[in-house]
Each structure stands twice: as structure tokens, then as C-alpha cells.
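Going down the list, the sequences are from chains H and L. For the first sequence, the residue numbers in my numbering are 1 to 357. For the second sequence, the residue numbers in my numbering are 1001 to 1357. Just so it is clear, CB atoms sit at the ideal spot from N, CA and C, and this is done for glycine as well. Read the structure below first, then the notes.
There are 2 protein chains.
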Amino acid sequence: MSNAHMRGAAPMEGRGAYNANSALQAAGGAVGVPLMEAAAASIAIDEGDRPVVCADYGSSEGRNSLVPLGAAVRVLRRRFGPERAIIVAHTDLPGNDFSTLFEVVDSSAESYARDDKNVFPSAIGRSFFLPLLPPGHVDLGWSSYAAQWLSRNPATLPGHIFARASKGEAASAFARQAKTDWETFLSLRAKELRRGGRLVVIMPAPDEAGLHPSAVLFDCAEDALQEMIAGGAITAHEREGMIILSYPRLPAELLAPFGPEGQFAGLKPNHCAHVPLGDVAWTQYEHDRDTAALAARRAAFFRATFAPSLARALDRASEERTNIAFLTRLEAGVRRRLLDRLSPTVNFVTTLLLEKT
Amino acid sequence: MSNAHMRGAAPMEGRGAYNANSALQAAGGAVGVPLMEAAAASIAIDEGDRPVVCADYGSSEGRNSLVPLGAAVRVLRRRFGPERAIIVAHTDLPGNDFSTLFEVVDSSAESYARDDKNVFPSAIGRSFFLPLLPPGHVDLGWSSYAAQWLSRNPATLPGHIFARASKGEAASAFARQAKTDWETFLSLRAKELRRGGRLVVIMPAPDEAGLHPSAVLFDCAEDALQEMIAGGAITAHEREGMIILSYPRLPAELLAPFGPEGQFAGLKPNHCAHVPLGDVAWTQYEHDRDTAALAARRAAFFRATFAPSLARALDRASEERTNIAFLTRLEAGVRRRLLDRLSPTVNFVTTLLLEKT
Chain H
1 MSNAHMRGAA PMEGRGAYNA NSALQAAGGA VGVPLMEAAA ASIAIDEGDR
51 PVVCADYGSS EGRNSLVPLG AAVRVLRRRF GPERAIIVAH TDLPGNDFST
101 LFEVVDSSAE SYARDDKNVF PSAIGRSFFL PLLPPGHVDL GWSSYAAQWL
151 SRNPATLPGH IFARASKGEA ASAFARQAKT DWETFLSLRA KELRRGGRLV
201 VIMPAPDEAG LHPSAVLFDC AEDALQEMIA GGAITAHERE GMIILSYPRL
251 PAELLAPFGP EGQFAGLKPN HCAHVPLGDV AWTQYEHDRD TAALAARRAA
301 FFRATFAPSL ARALDRASEE RTNIAFLTRL EAGVRRRLLD RLSPTVNFVT
351 TLLLEKT
Chain L
1001 MSNAHMRGAA PMEGRGAYNA NSALQAAGGA VGVPLMEAAA ASIAIDEGDR
1051 PVVCADYGSS EGRNSLVPLG AAVRVLRRRF GPERAIIVAH TDLPGNDFST
1101 LFEVVDSSAE SYARDDKNVF PSAIGRSFFL PLLPPGHVDL GWSSYAAQWL
1151 SRNPATLPGH IFARASKGEA ASAFARQAKT DWETFLSLRA KELRRGGRLV
1201 VIMPAPDEAG LHPSAVLFDC AEDALQEMIA GGAITAHERE GMIILSYPRL
1251 PAELLAPFGP EGQFAGLKPN HCAHVPLGDV AWTQYEHDRD TAALAARRAA
1301 FFRATFAPSL ARALDRASEE RTNIAFLTRL EAGVRRRLLD RLSPTVNFVT
1351 TLLLEKT
């Protein structure tokens, strides 16, 4: 387990899979768009012609960044005119599918860059738990469905796969890791933000009872993994290293570092909320009653978002064929189990708007 | 052939293949390192703390950029001290393997970024025949073994695969395309360069007799493709679309746009030379007399650099399995034929140092 301890989350699934199967994340991000517009409207920017710099922390393949970044660019254009250069830096782990990102950003009909020749997209392939951009360089930051991923696994987790569902000492270890990671993320972003800059963060959140809406997916995955052990597709040792390091947060958790003075590392929260999301897939199901399609959609979401991190624990994780076989089998197992366990879910996000003072 | 006409060059082979098989390009780039140092020493930079911006146009997977960028960063550090932020933007086509690039830049022992926390690597996935960075944004540019690739194929080329070896009307069409592309490249880079900035360009060149040192590789590939047609591995129609759009240039060709006044689009050439390169692989062969190893090395270079562009003409070019099967078979065919045709080769590069006035 020693190397499992060192392992952080994996990038989302590549070759367009995340873009095709992240409608939930898109819906969550949509909640943040008005915050992003407010942020773009309020950042302090000197006159002159230096480029305005936007950063998108944890972009994956980019599709879900187009709407919020597009909204920000429209506000910036109103404020600063069509000629001012705007740089957009999308960041993600080195293994992210940047080719899909660049294609989507330059070709998608909804892209912020498509009809604006003075917007300049770029990418940075480095963990956001490290410095990514020069000090004081960023005017406007966005991070959606990204900073919930822990930088490392601080505990073993026998019996199940979801870090946030752990109990006892493991739960304490994960909570400490989550606190450390969040403070690291904030400190680094604070340093990168220009004075008067803004950062919008969207994170998945537990519901009011502290439960995670994807819990049923994780249960199905747990069962599917047991079956894969029984069938010899994976070993019990590999299974032990499989932990979903997504750690959704409630507003109180995101606000904790700011303390009673409402300040941390030069950042000040201007807005924080816990927001429920509609269940788009279920609405579609009520319309078409296609159980198989709903199960397939949820399993595909599970695969693109969570399964790559589980695949890291495979002994032959570096072999693409092994990886794909694992993802495909796990997805099928989750889909099959979901058929009997479909229900509407209310997902929540925590939204946060920060100002660099 | 209509879509073949629209097609430009493909990215170099991914998954580390280009990094592993581009020693020739590294040797050519090494010729430019003193120019890059001279450029870094002479760029005009205001005081203050804005980041110094370096651009690497056509980076592929990054390994060959580490030495020249490292040399530039050392000079910049001497001039501006350890604290000044330096941004490095590596650019290549969207389909380039950026994951390998980011890993190499952050992890390689010889990387410019490894021991310097104030250097910030990034990437831009867009053709360098389009704008890549804001106007007046770049202090120092580098482009090695990249700008010889044409943006499109302007002619059919029956009977052989190498654009620069064509005759008659096809030769004129390629020469016109090469001229247009070079002027486009220069104009775009001129706009991106800050006044007082510098750009170093390294291009492969024909020898004094106008011959290309890789001609024997192209002949072997041509034979291998004929055999693949005969064996049904590819169709004659697919073969027709296979053209190597690399167009090496002599100094006179690169200097042509500058005219008698020595000015083009605000750029002024400070240095231009035609430089022979040693044949590292042959030197190794003289030591070990391992014919198979030499043939394998040359065939692997051919594959990583030229074969992906040929693979674009496959009817099922979007299928990775089809692509890899094609590359593997073509490489094997080239290797086998090379065994009887090995000889020392003298490659040439044209080097160019430009100043933005």
C-alpha cells in the first residue's frame, strides 16, 4: 500500500470521454456562472494594454469551461473593449487530455475563443497543489469540480472505496488531508491572484444530512469490484489501493480557513452558498422511461469521472489496454447493478467567490 | 485528393516516440544554442517585475527544447536575478502529445524548470500559422525543426512522397506554398514579439547541391509503400495522398522576404548561416559495426518524424489501431531496405536570428 499512499487523484478519462459524460458537472458549474460574471465585473484592472489573465484550475477536456469562461469574456469585453488581449490558462494534471481541450476551445460553437481573435487560450499541465502561474499574474480565476480531489491518500480504507464515507481514524485522516489540501490550494491561488482579482470555486457537496448523492454509484462499484476479484479480473491487493479521493465539501468546510476575521492568505470570501442541482438525467427518464439509457448514462458518468483514479491501483496501470479493459468491465458492472437501483438524486454544490485584497 | 489538399503536416509521433527518436533534431537545435544565448543577452526588457515571456514554436514533446530554453533561462537569470518570473509557452498542433511535454518539462533532469521555481511552463495547442499569443507579448522566441512543415499540400505528387524533391509544376506549387507559409510565420511572430525582442529559427536544409540528406529514407519509404499496396495493406488511393510536407530551406530562401532593406514586418535578420551536422548515429556505427542497430535507429527517426503525416492519408486515419499498424509496418519496411543502403550522411541546418525593431 505504500505507493497507494503517495498517489493522488488521476485525470478525468481522456479521448473526449469526460466531455461526453460530465453533464452533472456542467449543471453544477452553471450555478457558478452568475458569480463568474459578478467577478469579471468587479476585478480591479489598470488601464493600459497588458493582457487580462483568466485561469481555469482543473479544466479537464475543457467543455465545461466554455460557458463560464465565455460569460466572463463577455463581461470583460464590455468593460475593456474588443481589442484588449485576454489570456485564458487552463490547468490540469500532466496526464490530462490536452489535445481534446485545445480542439474544443478552438472549434466548439460555444467556445469563448471562437469568434474573438483577441482571446488567447493556453494550458498548464501541473497539479494545482503546486504553483502554476507567476505571483500577482491572474485577474480572474475559475475552478469547478476540481479542488475536491485530494492530493494524496492519507489512510488505508478497507471495505469500501469512497474516502468521504470512511469512519473513525481513517475519516480523521481524510478530513485532515482535505483541510491541508484546501489551505494549500487557497494559498497558491492567493499568491497568483493580482490585488483586486477574484476567484470562483465550485465544489460538489454532501447534502444537508452529510450524504453524498453518488453514494449509490459507489456501492454499485464496490459490488462490481468484488465480483471482479472473484472472477480474477483484479486482485484483492489491487482492490485495496482503489480509493475515490474526491472529498466534497460543505460551506463551513470551505470557509473554515478564513476564521472570524474572514481573511486567509490575503483572500476574502464575498459569497458562499450550498445549492441543490436538478437531476437532468432523471427528468429525461420521466419523459422516456428508458431504464437502460438512464443506467448507462449514470455508469458512463461514473466511469469518466471516478474510474480512472481507481485504475491507478492496477499493478499494470501503465498499460493502456489493461486500463481500458478495467474501465469497461467496471462500467458494465455498475450499469448492470444500477438497473435495480435507479432513483432521482439531488446533487449539491458549494459555491464560493473570493476576492484578493 | 480534395481532402489531401487541405491537409497540413501531422504532429510528431506521440507517447514519447518523438522524444526518443529525434537525436538528429537535437543535434540541429544544438547549433542554435549560442544564438539563443546571444538573443537572451540582447533582448530589450524594461525594469519592473512583469514576467519575461519565452515562446517555443513547434515544441513537439519538449525534450529538444530543454537545452536551448535552459541556456536562455540561465542568461536571463544572470541579467534579471533569480526572482523575476519567466513564462515559457511551448506551442504545437492540438494533436501533439502535451502530456509527455509537461512531464518532461517538470521531471527531466536537464529541464530549465526543474530547479527554478520562478519559471512557469505552459502550452498552446494551435498551428503556428495562426496567432498564438497577444501582440507585443513575447520577449524571446525559439523554433527548431518546425517551420519547415507546410500548412497545406498545394499539389498532387505522383510517384514519390517528398514535396521538396518534386519537379516542374508541382515543384513551383510547393515553392510558392513554402514562401507563403514562411511569410505568414514571420508576420505572426513579428506581431507577437515585443519591440527589442528576438527570435531564433533553426530549419533543416538541403546540402549545397540542393539534395536532402534524408532522401535515402524517403526512397526506402517509397519502396515500402509500394510493397504495402501490393500486399493490400494500403490502397493506391491512400498512397496518392501521402506526401511529406517538410520543406527544408537554404539561407537564401529564409532571407528572401527581407529584401534589399533587410526588413520584413518589423523583423531584421542579425545572423543567418548554413551549418553541417555530424552524423552521430554513424559515429556510433563506426564504433560498434552494428548494422541492424543503425538501420533501426534511422528507421525509428523516420517513423517518429515523417510517418505520422503519411498516416493522415489513410482512409481510417482516425482509428488508432489502423494508424499504429501502418506506422509499424512502414518502419519495418524502411528498416529492412536500409540494411543495404547505409552510408554516412551530412545533414545541414539553416540558422537565423531575428530582431524585432
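Closest Cα partner of residue i within the set the options
i       : options                            : result
H:A163  : H:L354, H:D340, H:I45, H:G8        : H:G8
L:P1135 : H:F128, H:D49, H:V67               : H:D49
L:D1092 : L:A1109, L:S1060, L:F1102          : L:S1060
L:R1194 : L:H1137, L:E1238, L:A1209          : L:H1137
L:V1067 : L:S1108, L:E1103, L:A1085, L:F1098 : L:S1108
H:E47   : H:L314, H:E37, H:R84               : H:R84
H:A38   : H:N270, H:L294, H:Y285, H:P257     : H:N270
L:P1094 : L:P1082, L:A1273, L:G1070, L:R1126 : L:R1126
L:H1237 : L:R1335, L:A1170, L:D1315, L:P1248 : L:D1315
H:L352  : H:T322, H:V275, H:I324             : H:V275
L:C1272 : L:E1286, L:L1255, L:D1288          : L:L1255
H:D181  : H:R198, H:E253, H:S166, H:R77      : H:E253
H:R77   : H:D115, H:D106, H:T100, H:F102     : H:D115
L:F1102 : H:K117, H:S122, H:E261             : H:S122
Through-space distance from residue j to residue i, alpha-carbon basis
i       : j       : result
H:V119  : L:L1140 : 21 Å
L:E1355 : L:L1267 : 5 Å
H:R329  : L:V1073 : 48 Å
L:D1063 : L:I1124 : According to the sequence displayed, residue 1063 of chain L carries Arg and not Asp. The alpha-carbon atoms of L:R1063 and L:I1124 are separated by roughly 16 Å.
H:L35   : H:V200  : 7 Å
L:P1213 : L:P1206 : 7 Å
L:L1132 : L:G1196 : 19 Å
L:N1153 : L:L1250 : 20 Å
L:E1110 : H:P308  : 30 Å
L:M1001 : L:S1246 : For L:M1001, the predicted model reports a pLDDT of 34, less than 50, meaning its position is unreliable and no value from the coordinates is stated.
L:F1326 : L:P1011 : 16 Å
L:G1359 : L:P1158 : Given a span of 1001 to 1357 for chain L in the structure shown, any question on residue 1359 of chain L remains unanswerable.
H:T357  : H:A265  : 9 Å
H:A155  : L:S1144 : 47 Å
H:R335  : H:P344  : 16 Å
L:Q1284 : L:A1209 : 26 Å
H:K179  : L:G1016 : 37 Å
L:R1176 : L:A1041 : 35 Å
L:E1240 : L:A1147 : 24 Å
H:D279  : H:F128  : 29 Å
H:S318  : H:I324  : 11 Å
L:A1296 : L:E1169 : 36 Å
H:V75   : H:K117  : 16 Å
H:R363  : L:N1019 : There is simply no residue 363 of chain H to check, as chain H begins at 1 and stops at 357 in what is shown.
L:A1113 : L:V1104 : 10 Å
H:A233  : H:S187  : 42 Å
Other residues of its chain near residue i: CB distance less than 6 Å, five sequence neighbours each side excluded
i       : result
L:Q1263 : none
L:D1056 : S1065, H1090, W1142
L:I1087 : P1051, V1053, F1120
H:A300  : N21
L:G1014 : D1097
L:P1303 : What sits at residue 1303 of chain L in the sequence shown is Arg, not Pro. L1327, E1331.
H:E183  : P257
L:H1005 : Model confidence at L:H1005 stands at a pLDDT of 47, short of 50, so the residue's coordinates are unreliable; what they give is reported in the following sentence. Excluding residues within five positions, the ones whose Cβ falls inside 6 Å are N1153.
In DSSP terms, what residue i is bridged to
i       : result
H:G141  : H:A55, H:L199
L:G1125 : L:D1092
L:I1244 : L:F1162
L:I1087 : L:V1053, L:F1120
L:K1268 : L:E1355
H:L255  : DSSP lists no partner for H:L255.
Cut-off 8 Å between Cβ atoms - residues of its own chain near residue i, not counting five sequence neighbours on either side
i       : result
L:E1227 : G1333
L:L1378 : Coverage of chain L is limited to positions 1001 through 1357, which leaves residue 1378 of chain L absent and any answer about it impossible.
L:D1340 : none
L:F1080 : I1045, V1052
H:I161  : F218, A221, E222, L225, M242, I243, I244, L310
H:I229  : T235, A236, R239
Cβ neighbours of residue i in the same chain (closer than 7 Å, five flanking residues each side left out)
i       : result
L:T1291 : L1339, L1342
H:R337  : C220, D223, A224
L:R1298 : L1217, A1281, L1338
L:P1248 : Q1148, R1164, M1203, P1204, A1205, P1206, H1212
beta-carbon residue i near the ligand ATP non-hydrogen atom, thresh 7 Å
i       : result
L:P1248 : Inclusion of the ligand ATP in the displayed structure is not the case, the ligand content being empty and no account of it being possible.
So within the stretch 1019-1073 of chain L, which uninterrupted alpha helix (DSSP H) runs reach at least 4 residues, ignoring any that extend past its ends? If we require 4 residues or more, the alpha helix (DSSP H) runs fully inside the stretch 1019-1073 of chain L come out as 1023-1042.
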